[in-house]
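Working notes, structure below.
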Amino acid sequence: MKVDSSKVSASTTPFALIDDYSAISQEKEVLFSMHTVFRVGDIKQTTENNGRLWEVQLTLTDDNDSQLVNLTKHMQEELCGSIGWHRMSKLMLKVGHSDQAEQLYNELLENASSDSERGYIYHQLAEVKMNQGLYRQSGLLYEECLKIYRTTIPEDHPSFADLYNNIGEVYNNTRDYSKALEYFEKSHQIKEKTLPPNDSSLAISYNNFGSVYDYMHDYSKALEYFEKARKINEEVLPSNHPNLGISYGAIGGVYKNLGNYSKALEYYEKTLEIHKKTLPPNHPHLVTSYNNIGLTYNNMENYPKALEYFEKAHQINETQLAPNHPHFATSCNNVGLAYRNMGNYSKALEYFEKAHQIKEQIWPSNHPEFALSCNNIAAVYEDMGDYSKYSSAFG
């Protein structure tokens, strides 16, 4: 822990050395005020206690820290809402606490006094369901919201842009790319008419377009849109804003898919650095970062390193997600992939079977994700030379 007295003011960030008053003076305790804020530096695993402890380097900062001020200002703008409970619910959603957000929004829905408020709450509840991986329920809630919006606000209202964008995300997550593009385009058209050309909301549109083209393997088109998003985000957001981290991660993904792994890791590390410093340690964005870095190392055939990052992602998912969440299936699949590549077929099967059981619950039998898990299990049996089980894995 570092305290630089030339950079912090005792009047805004008071602290005191209490060696002379502590029962254990050799601990060199320091007493800080309740509102004290620290800048997170390096985070590394120690060798103590079988590597179960982490060392976090902290530097004391104060309310005049320019990066802190800018990030706080942007977060306050993003958490705008008509009443305090709406802002609290939105904050819960933003920091990855979907269950708490859902509870608050359901209570707000029971007491909603107007159609416009109900429309807003349906919109937010749909986002909660999407974060929980319940895409069908999310889509139904967005439809309820759409019905209300059509009777209460103009067609070019910014709320329609947000709604169309989120419906597009549901289709993107369920791999219906043509419908995803249709709704992303509807959203983008409204934004282009109503927003300045460097608005961060346009960067979200460009990221979403890029995501669809990335899934469709049109990497040059994907990179074009991701770079547009990055340019806007670097211009209007603080350098430590989570959305800037998302931009870097998206660009890293294209480079990974193009086989430029060193470039991919460069962008993924930028993303991870931002998200570690600005988000809770169990946030979904960190899971994405760990998985992306793991996949890159896997493609580089550095399988132990890949497993290290896949397990970091999986540990967060185990504590934060429902056992049938699609992202939990993804992390099981990734851990299984690393074990298979390392020749540990029993562990690979264990994780591939877990992923398959989840997918059986959430996807129809003709869904590409279902076929992928069957292929993974079959590939392990083929590696083991067990061709009877190899054939039965395809059902």
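The letter at position 208 of the sequence shown is residue 290 when you use the working numbering, and the numbering goes up by one with no holes.
The beta-carbon is built from N, C-alpha and C at its ideal position, and this holds for glycine as well.
For L305, name the three-state secondary structure that DSSP assigns.
-> Locating residue 305 in the sequence shown gives position 223, where the first residue counts as 1. Annotated three-state conformation of L305 is helix, per DSSP.
Please go through the same chain and pick out, in chain order, the residues whose beta-carbon is closer than 6 Å to the beta-carbon of L305, but skip the five residues on each side of it.
-> Position 223 of the sequence shown holds residue 305. These residues qualify, in order along the chain: V336.
In angstroms with no decimal places, state the Cα-to-Cα distance between W167 and L361.
-> Within the sequence shown, residue 167 is the residue found at index 85, counting from 1. Within the sequence shown, residue 361 is the residue found at index 279, counting from 1. Per the coordinates, the alpha-carbon of W167 lies some 21 Å from the alpha-carbon of L361.
Option in E192, G341, I286 with minimal Cα separation from P324 = Reading the sequence shown from its first residue, position 242 is the one you call residue 324. Measuring from the Cα of P324, the nearest candidate turns out to be I286.
Cβ shell of N213 (< 6 Å), same chain only, five flanking positions each side left out = On the sequence shown, position 131 is the one that residue 213 refers to. Result list for N213: S180, in chain order.
Determine the burial state of Q443: buried for a count of at least 16 other Cβ atoms within 10 Å of its Cβ, exposed for fewer.
-> In the sequence shown, counting from the first residue as 1, residue 443 sits at position 361. Flag for Q443 reads exposed.
Run through DSSP, which three-state label would T143 get?
-> Position 61 of the sequence shown, counted from the first residue, corresponds to residue 143. Reduced to three states, the DSSP call for T143 is strand.
Would you tell me roughly how many angstroms separate the C-alpha atoms of T128 and E137, rounded to the nearest one?
-> By 1-based counting over the sequence shown, the position of residue 128 is 46. By 1-based counting over the sequence shown, the position of residue 137 is 55. Here the alpha carbons of E137 and T128 stand approximately 6 Å from one another.
Who are V119's beta bridge partners in DSSP?
-> Your numbering for residue 119 matches position 37 in the sequence shown. Bridge partners of V119: T143.
Straight-line CA distance for K313 to K273?
-> Numbered from 1 along the sequence shown, position 231 holds the residue referred to as residue 313. Numbered from 1 along the sequence shown, position 191 holds the residue referred to as residue 273. Across the structure, K313 and K273 are spaced so that their CA atoms are roughly 17 Å apart.
Residues in its own chain within less than 6 Å of Y385 by CB, not counting five upstream and five downstream?
-> By 1-based counting over the sequence shown, the position of residue 385 is 303. Once the five neighbours on either side are set aside, the close Cβ partners of Y385 are A420, N423, M424.
Which same chain residues, not among the five before or five after A388, have their C-beta less than 6 Å away from its C-beta?
-> By 1-based counting over the sequence shown, the position of residue 388 is 306. These residues qualify, in order along the chain: G376, Y379, N380, A420.
Just checking my contact of Y265 with F291 at CB under 8 Å: how many whole Å lie between their CB atoms?
-> Walking along the sequence shown from the start, residue 265 turns up at place 183. Walking along the sequence shown from the start, residue 291 turns up at place 209. Between F291 and Y265 the Cβ distance is about 11 Å, and since that is not below 8 Å, they are no contact.
Please go through the same chain and pick out, in chain order, the residues whose beta-carbon is closer than 7 Å to the beta-carbon of K345, but skip the five residues on each side of it.
-> Position 263 of the sequence shown, counted from the start, is the residue given in the question as residue 345. When the five nearest sequence neighbours on each side are left out, the beta carbons in the same chain lying within less than 7 Å of the beta carbon of K345 are those of Y337, in order along the chain.
Outcome for L431 when other beta-carbon atoms lying within 10 angstroms are tallied against a minimum of 16 = Sequence index remark: in the sequence shown, residue 431 carries index 349 (1-based). Looking at its Cβ environment, which holds 16 or more other Cβ atoms inside 10 Å, L431 is buried.
Over the uninterrupted alpha helix (DSSP H) stretch that includes V177, give me the two end residues.
-> By one-based count along the sequence shown, residue 177 stands at place 95. Premise fails: V177 is in no alpha helix (DSSP H) and is neither H nor E.
With DSSP run on the structure shown, which of helix, strand or coil describes M382?
-> On the sequence shown, residue 382 is found 300 positions in, with the first residue counted as 1. Correct three-state label for M382: coil.
T353, buried or exposed, once every other Cβ within 10 Å from all chains shown has been counted against 16 = If you number the sequence shown from 1, residue 353 lands on position 271. Within a 10 Å sphere around the beta-carbon of T353 sit 16 or more other beta-carbons, which makes this residue buried.
Mapping DSSP to helix, strand and coil, what is S321?
-> Counting from one through the sequence shown, the residue named residue 321 turns up at place 239. Residue state, collapsed to three classes: coil.
Cβ pair I249, R200 closer than 8 Å | Counting from one through the sequence shown, the residue named residue 249 turns up at place 167. Counting from one through the sequence shown, the residue named residue 200 turns up at place 118. R200 sits away from I249, with the two beta carbons spaced by 8 Å or more.
Given 8 Å, three or more beta-carbon pairs between the region 223-242 and the region 174-193 | With a cut-off of 8 Å, the region 174-193 and the region 223-242 do not count as touching, because too few Cβ pairs lie within range.
When DSSP labels each residue in this structure, what does H168 get in the three-state scheme?
-> Looking up residue 168 in the sequence shown gives position 86. The DSSP-derived three-state label of H168 is helix.
Quick one: using the 10 Å Cβ neighbour count with 16 as the cut-off for buried, is E251 buried or exposed?
-> Position 169 of the sequence shown holds residue 251. E251 is buried by the Cβ-count criterion.
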